[in-house]
Amino acid sequence: DRVTEVYILTCSHLDPDSAAHAQRVKEAVGDLSEKYKDIELIALLHDVVEDGHYTLDQAVRVFRLSESSAETLDKLTRKPGEVYNEYIDRVMTDDMAVEIKLADLRDNMQRCVNDINAHWSLLIRYAKAYGKIMKGR
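Residue numbers for the sequence shown, in the numbering used here: 2 to 138.
The structure is reproduced here in structure tokens:
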């Protein structure tokens, strides 16, 4: 199926930890696939543009994204130099992006907890973003 194809293509560009993270985020939003057509696809791709593996245009072409899915992926992609709080505000303008970002933040927070001494400041940032998004729902 298309999601499996995207996962295979995505994994070829990600390190094993990032690929596993993308898979966990996809699984976390899977129950919403009836409400949001491409949510699993976008969940798998949520870091590929931001991490520089594809431009948005390349991702749209390679993964055959609809216009609305491309817009969601764009909102999930933090731009170079963008202030984190402004990025979160932009994510909050798209319902599907919100669901994916919440799953992303939960997974990232869990990874921080697993090595809390090294990732304390990230955990704080992720927790604040999570709270802001939840409050804005």
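From the three backbone atoms N, C-alpha and C, an ideal C-beta is built for every residue, glycine too.
For SER34 and TYR55, the rounded distance between their alpha carbons: In a straight line, the C-alpha of TYR55 is about 24 Å away from that of SER34.
Inter-residue spacing [alpha-carbon to alpha-carbon] between ASP58 and LEU66: Going from the Cα of ASP58 to the Cα of LEU66 covers about 10 Å.
Among ALA60, GLY53, MET93, nearest to ILE43 - alpha-carbon criterion: Closest in alpha carbon position to ILE43, among ALA60, GLY53, MET93, is ALA60.
Nearest candidate by alpha-carbon position, reference LYS80, set ARG3, ASN118, ASP48: Comparing alpha-carbon positions, the option among ARG3, ASN118, ASP48 lying closest to LYS80 turns out to be ASP48.
Alpha carbon of CYS113 to alpha carbon of ARG126, nearest angstrom: The C-alpha of ARG126 is placed about 11 Å away from the C-alpha of CYS113.
Length of the line joining the Cα atoms of ILE117 and GLY53: Taking C-alpha positions only, ILE117 is separated from GLY53 by approximately 27 Å.
Cα-Cα separation between ASP108 and ASP95, rounded to whole angstroms: Those two C-alpha atoms are separated by around 20 Å.
4 or more residues per run - each alpha helix (DSSP H) lying fully within the segment 48 to 132: Every alpha helix (DSSP H) of 4 residues or more that sits fully in the segment 48 to 132 is shown, in chain order, as 57 to 63, 68 to 77, 85 to 92, 96 to 115.
Continuous alpha helix (DSSP H) stretch holding HIS22: start and end: Element bounds for HIS22: 17 to 30.
Local conformation of LYS36 per DSSP, three classes: Residue state for LYS36 is assigned as coil, using DSSP reduced to three classes.
The alpha helix (DSSP H) enclosing ARG3, as first and last residue numbers: Counting along the chain, the alpha helix (DSSP H) containing ARG3 begins and ends at 3 to 12.
Nearest-angstrom Cα separation, counted from ALA119 out to ASP39: When rounded, the separation of the alpha-carbon atoms in ASP39 and ALA119 is 34 Å.
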